[in-house]
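Here the structure is laid out as structure tokens; the discussion comes afterwards.
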Amino acid sequence: MSDTHAQSVAYVRESFIDQQPAPITETGAIKWLRTNLFSSIPYTILTFVAIYVIYVLLSGFLPWLLGGVWNASSIRECREMMGGSGAGCFAVLTERWNQLLFGFSYPSEEYWRPSLAFVLLFVAVAPVLFAALPRKMLVITLLYPFIAYWLIWGGTILVSAFALLGVVGGYFAYTMAERRAGFALSLLVAVLAAVAIWWLSGFAVAEEPGFLELPPVESRNMGGFMLNMMLGVVCVSLSLPFGIVLALGRQSRLPIIKFICVAFIEFVRGVPLITLLFVANVVLAYFLPPGTTFDLILRVIIMITMFASAYIAEVIRGGLAALPRGQYEGAESLGLDYWQSMRLIILPQALKISIPGIVNVAVGLFKDTTLVSIISMFDVVGMIRGPILASTDWNGVYWELYGFAALLFFVTCYGISQYSQWLERQLATDHR
Amino acid sequence: MASISDSDANQSSSFKLSMLVNDTRYRGLTFQFIALMLIIFLMAWLGMNLVRNLAAAGLDISYGFLDQSAGYDINQALIPYTSQSSHLQAAIVGVLNTLLVALLGCVTATIIGVTAGVLRLSKNWLISRLMSAYVEAFRNVPVLIWILMIGTIVTVSGGNPREFLGEDPNSNLFLGAFAFTNRGLYAPAVELGPGAIFVAIAVVVGIVGFFLWRRHVKKTLFQSGKLLPAWPSWLILIGLPVIAYFAFAGAVSLSMPDTMANRFNIQGGTLVGKPLIALWLALSVYTGAFIAENVRAGILAVSKGQTEAAAALGLRPRRVMNLVVLPQALRVIIPPLISQYLNLTKNSSLAIAVGYADITATLGGITLNQTGRAIECILMLMLFYLIISLSISAIMNVYNSRVALKER
């Protein structure tokens, strides 16, 4: 370009001018401010409005947070110490810390057990969450449910051990049977083997009830944030396999199975969780054989799992539907049968597509575990609404308590959603 | 199972039992048969347990309790209700209350959500961060905690009604019509007189006319290329009811909160109870955060090339928005938006936490506890929510199939 006018202009500069720094308004902080905050008059107005809003929020919140009292035995003492400054009375958190985390009737000398189970949870889920960790750690994941049960509920370790044995036996029966029969028959064999082992082990446990025994804790003594964690972890992990089965059933070509799955999913998704919890609380007992006493936590776990699996099924159905037709046809052309093609080709891709949705359901489910407080279980919200706010010591300390509960959930849920976004980036195999 | 015997007869006499599992022709039928048997067995088992348990408890399934007098008061009722009314009436009050808070919540949640979603995409750094903070804060904390917190705010705020009373009140009514006190919000009430039906008809005709004119505009644009103005549609929408309002003077009037009537309380108007306000606010801001994300995703889903192409055609920014971006964004936004409405409706069942008398609180709460008719109450409760959910999703499917891209 520059050559074209070389003959026609009288003067052409022969040397370059030294590179100049950009004008001060176009660099650094000033440019950033100009483009991001004051780019036009409406934006400038919006910026000032936003600054005002932030000022109002922080000027109310910071003195409350920073001037708070952390050591007092009742709200009256708190008020005396603050002398009407309007700061927070966080003493309730220090005093009721254990109750908020463990409920009010978990034996206090046994707090180390759920705490240990909580720490182990991270070790157990780490290999599932991060593929870079050694695969052998998955053994811990498999052992974890049994260890956690033993730690939290106590009793003899034999119950957990034989439960594990049944699962292992079922797995071996499955691998043995799979060489001869198809997936479904082997599964049946595996279930039968596991049930046989569990049945036989009942006698062994009856023989040795005190073997490696931790003091047993009743389910009704569980509470606080521990209860939320337990319900959340158990129900999410149980609802994943059920959700997958339901989703496959809904996509199935077999009309009866399809109808059953559709009816279940639509029914469960159509009613609020709270009505299902009512069912767990007052109605379920009518449908069980007379004389069965059924742990409330177990009933609630069943209902929440049903609820979550219906939602997860819909998410996975979306993933299945999003796969190109060619993937199904490719699997068929390789001569794979239904279960092989699902396991090896369809589900891995469908699950990858559904990760954001599954995480959404998991986060929503974890938040919904607070609903058990409405059927008078003492999870963290139940503890706050019930025993703590009703006590004469702490009557009226709303913000500190609700704020604490909100913070607990915020940290957990925000962490999970950040992880899922990271995982999505990791699994992105399409090149964009 | 007829097909098995048919094909069995046609094909060969060498039908072996193992073919039921190994032959793909029969395998599906076998599994379905097993599944059906299992389900029937499970149902029969549950039903038998139910019968035996009910017999043992000396109960039966009967809805007679719905006629009995309820014996409890409801602080907020859209239809006349006293504690002498029947349980059925209490349930209807609950249904109406649920629908009321769901409707109000959906409207405000949409407004909040669309605003926050658009602002989150704003180029203004501060505003977009502020909106992100709002969305994350509300999405990651259980709705029950928000309901309880906002319930507490609403409960502790608001002064004594006396502050608004007398010739020289300490506080004036907001806009001369609203007073927020510790009893709730006093607001003008609509009173219907004779002829109100005509005004209602005018409103309906106005709405229908609005859409008819819009359709007419579109049709003429597509057929003759002439763009008719859009403002007559607004004229129809607003003008007709206004004309009807003045034509039938007194048919529809507002009853204002009266601060002069007596010394103790505000009279006239309508009192919106604090539980309703708390639940409404909480559900709106909570669902608003989710709607904001849907709106953001919908707008981001329209590729930039669409905007650029529209601009290259010479469309002005407003028309680009109305004719190119919005129709495509709405196709993405509406389905999740309707699911959010559904979620809001279902979340309104947490009304029990702030003491709002929705269907869960009346039928599933007090009525259930008083009569002990757990199965009947919960069955009706579930049916109610199921009907709402299924009708909303039916509407959604119709809408979806109408706006879906017509491919191949």
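So the protein sequences, as listed, match chains A and B. According to my numbering, the stretch in the first sequence is residues 1 to 432, in order. According to my numbering, the stretch in the second sequence is residues 433 to 840, in order. All C-beta atoms in this analysis are idealised placements derived from N, C-alpha and C, irrespective of residue type, glycine included.
Starting from B/S781, find everything on chain A with Cβ-Cβ shorter than 8 Å and list it in chain order.
-> Here residue 781 of chain B is taken as the residue at index 349 of the second sequence, counted from 1. Within chain A, the residues near B/S781 are P272, I274, T275.
Leaving out five residues on either side along the sequence, give the residues of the same chain with a beta carbon under 8 Å from the beta carbon of A/N395.
-> If you number the first sequence from 1, residue 395 of chain A lands on position 395. Taken in chain order, the residues that qualify are I75, L389.
Name the two residues that bound the continuous beta strand (DSSP E) containing B/A611.
-> Working through the second sequence from its first residue, we reach residue 611 of chain B at position 179. It spans 611-613 - the beta strand (DSSP E) in which B/A611 sits, taken as one unbroken run.
At a CB-CB cut-off below 8 Å, which residues of chain A make contact with B/N832?
-> Counting from 1 along the second sequence, the entry for residue 832 of chain B is found at position 400. Correct list: empty, because the minimum Cβ distance to chain A is about 14 Å.
Which residues DSSP lists as bridging B/A619, in chain order | As a first step, residue 619 of chain B is located in the second sequence; it is residue number 187 there, counting from the start. According to DSSP, B/A619 bridges with B/T702.
In chain order, what residues of the same chain lie with their CB nearer than 7 Å to the CB of B/P664, ignoring the 5 residues before and after it?
-> The residue you call residue 664 of chain B lines up with position 232 of the second sequence. Result list for B/P664: W645, in chain order.
How many whole angstroms separate the CB atoms of B/I524 and B/A714, which I take to be in contact at a CB cut-off of 8 Å?
-> On the second sequence, position 92 is the one that residue 524 of chain B refers to. On the second sequence, position 282 is the one that residue 714 of chain B refers to. Actually they are not in contact, since the Cβ atoms of B/I524 and B/A714 sit about 24 Å apart, beyond 8 Å.
Which term fits A/E80, buried or exposed, when burial requires 16 or more other beta carbons within 10 angstroms of its beta carbon?
-> Sequence index remark: in the first sequence, residue 80 of chain A carries index 80 (1-based). The residue in question, A/E80, is exposed, as its Cβ has fewer than 16 Cβ neighbours within 10 Å.
7 Å Cβ cutoff, A/K258 in contact with chain B | Here residue 258 of chain A corresponds to residue number 258 of the first sequence, with the count starting at 1. False, the Cβ-Cβ gap to chain B never drops below 7 Å.
Should B/L703 and B/G616 be called a contact, given that it needs their Cβ atoms to be closer than 7 Å?
-> Within the second sequence, residue 703 of chain B is the residue found at index 271, counting from 1. Within the second sequence, residue 616 of chain B is the residue found at index 184, counting from 1. For B/L703 and B/G616, yes; Cβs fall inside 7 Å.
Neighbourhood of A/F146 by C-beta, 8 Å cutoff - its chain only, sequence neighbours within 5 removed | Position 146 of the first sequence holds residue 146 of chain A. S160, A161, A163, L164, listed in sequence order.
Measure the C-alpha to C-alpha separation of B/S554 and B/V756 and round it to an integer number of angstroms.
-> Position 122 of the second sequence, counted from the first residue, corresponds to residue 554 of chain B. Position 324 of the second sequence, counted from the first residue, corresponds to residue 756 of chain B. Approximately 19 Å between the Cα atoms of the pair.
Just how far apart, CA to CA, sit A/L151 and A/R343?
-> Position 151 of the first sequence, counting from 1, holds the residue named residue 151 of chain A. Position 343 of the first sequence, counting from 1, holds the residue named residue 343 of chain A. So the two alpha carbons sit approximately 34 Å from each other.
Could you check if B/L732 is buried or exposed, using at least 16 other CB atoms within 10 Å of its CB as the buried criterion?
-> In the second sequence, residue 732 of chain B corresponds to position 300, counting from 1. That one is exposed.
Is the shortest distance between the beta-carbon of A/G23 and the beta-carbons of chain B less than 7 Å?
-> As a position in the first sequence, residue 23 of chain A is number 23, starting the count at 1. Strictly speaking, residue 23 of chain A in this sequence is Pro, with Gly absent from that position. No, A/P23 lies away from the interface with chain B (no Cβ there is under 7 Å from its Cβ).
Alpha carbon to alpha carbon, what distance is there between A/S354 and B/V431?
-> Residue 431 of chain B cannot be examined here, being either before or after the span of chain B that is shown, 433 to 840.
Tell me, to the nearest whole angstrom, how far the beta carbon of A/I140 is from that of A/G243; I am working on the premise that it is less than 8 Å.
-> Residue numbering aside, residue 140 of chain A sits at position 140 when the first sequence is read from its first letter. Residue numbering aside, residue 243 of chain A sits at position 243 when the first sequence is read from its first letter. Their Cβ separation, rounded to whole angstroms, is 24 Å, which puts A/I140 and A/G243 out of contact at 8 Å.
Can you tell me which of the three DSSP states A/L214 falls into?
-> Position 214 of the first sequence holds residue 214 of chain A. A/L214: strand per DSSP, three-state reduction.
Under 8 Å (Cβ pairs) to chain A, residues found in the stretch 552-571 of chain B | S554, K555, N556, W557, L558, I559, L562, E568, A569, R571
Of all the residues that make up the stretch 734-750 of chain B, which are near chain A by a beta-carbon distance shorter than 9 Å?
-> none
So A/L100 packs on A/F225, CB below 8 Å; how close in whole Å?
-> As a position in the first sequence, residue 100 of chain A is number 100, starting the count at 1. As a position in the first sequence, residue 225 of chain A is number 225, starting the count at 1. With a Cβ gap of about 6 Å, A/L100 and A/F225 count as contacting.
Under a three-way DSSP split, which group does B/F745 fall into?
-> Numbered from its first residue, the second sequence carries residue 745 of chain B at position 313. It should be noted that the sequence gives Leu, not Phe, for residue 745 of chain B. Reduced to three states, the DSSP call for B/L745 is coil.
Could you spell out where the alpha helix (DSSP H) holding B/K651 opens and where it closes?
-> Sequence index remark: in the second sequence, residue 651 of chain B carries index 219 (1-based). Its alpha helix (DSSP H) spans residues 628-656.
Relative to the C-alpha of B/G549, which residue among B/F680, B/V567, B/A744, B/L660 is closest?
-> Start at 1 with the first residue of the second sequence, and residue 549 of chain B comes out as number 117. The option with the nearest alpha carbon to B/G549 is B/V567.
CB-CB length for A/D235 against A/L365, believed under 8 Å = Along the first sequence, read from residue 1 onward, the residue named residue 235 of chain A stands at position 235. Along the first sequence, read from residue 1 onward, the residue named residue 365 of chain A stands at position 365. Per the sequence shown, the amino acid found at residue 235 of chain A is Cys instead of Asp. At roughly 6 Å, the Cβ-Cβ gap stays under 8 Å, so A/C235 and A/L365 are in contact.
Between A/L138, A/G202, A/V191, which lies nearest to A/L158 when the distance is taken from Cα to Cα?
-> Along the first sequence, one-based indexing puts residue 158 of chain A at 158. Checked all of A/L138, A/G202, A/V191; the closest Cα to A/L158 is A/G202.
C-alpha distance - A/L212 paired with A/F294, whole-angstrom precision = On the first sequence, position 212 is the one that residue 212 of chain A refers to. On the first sequence, position 294 is the one that residue 294 of chain A refers to. Distance between the alpha carbons of A/L212 and A/F294: 26 Å.
B/M814 touches chain A at which residues, Cβ-Cβ below 7 Å?
-> The count along the second sequence starts at 1 and reaches residue 814 of chain B at position 382. Near B/M814 (Cβ distances below 7 Å), the residues of chain A are V271, T275.
Consult DSSP for A/D379 and reduce its assignment to one of helix, strand or coil.
-> As a first step, residue 379 of chain A is located in the first sequence; it is residue number 379 there, counting from the start. Strand, per DSSP.
Determine the closest residue to A/L188 out of B/N754, B/I466, B/C809, with distance taken between C-alpha atoms.
-> Walking along the first sequence from the start, residue 188 of chain A turns up at place 188. Taking only the C-alpha atoms, the option nearest A/L188 is B/I466.
Alpha-carbon to alpha-carbon, B/P661 and B/T652 | Start at 1 with the first residue of the second sequence, and residue 652 of chain B comes out as number 220. Start at 1 with the first residue of the second sequence, and residue 661 of chain B comes out as number 229. Between B/T652 and B/P661, the C-alpha separation is close to 11 Å.
Determine the contact status of B/A710 and B/G583, defining contact as a CB-CB distance below 7 Å.
-> The count along the second sequence starts at 1 and reaches residue 710 of chain B at position 278. The count along the second sequence starts at 1 and reaches residue 583 of chain B at position 151. Cβ atoms of B/A710 and B/G583: closer than 7 Å.
Please confirm if A/V42 has its CB atom under 7 Å from at least one CB of chain B.
-> Against the first sequence, residue 42 of chain A aligns to sequence position 42. Reading off the sequence shown, one finds Pro at residue 42 of chain A, where the question assumed Val. Chain B contact via Cβ: absent.
How would you list, in chain order, the residues of chain B whose beta-carbon sits under 8 Å from the beta-carbon of A/V511?
-> For residue 511 of chain A there is no data in the structure shown, the boundaries of chain A being 1 and 432.
Backbone CA spacing between A/E95 and A/Q426 [nearest angstrom] = If you number the first sequence from 1, residue 95 of chain A lands on position 95. If you number the first sequence from 1, residue 426 of chain A lands on position 426. Answer to the nearest angstrom: the Cα atoms are 43 Å apart.
From the beta carbon of A/A321, is the nearest beta carbon of chain B less than 7 Å away?
-> Mapped onto the first sequence, residue 321 of chain A falls at position 321. Not an interface residue.
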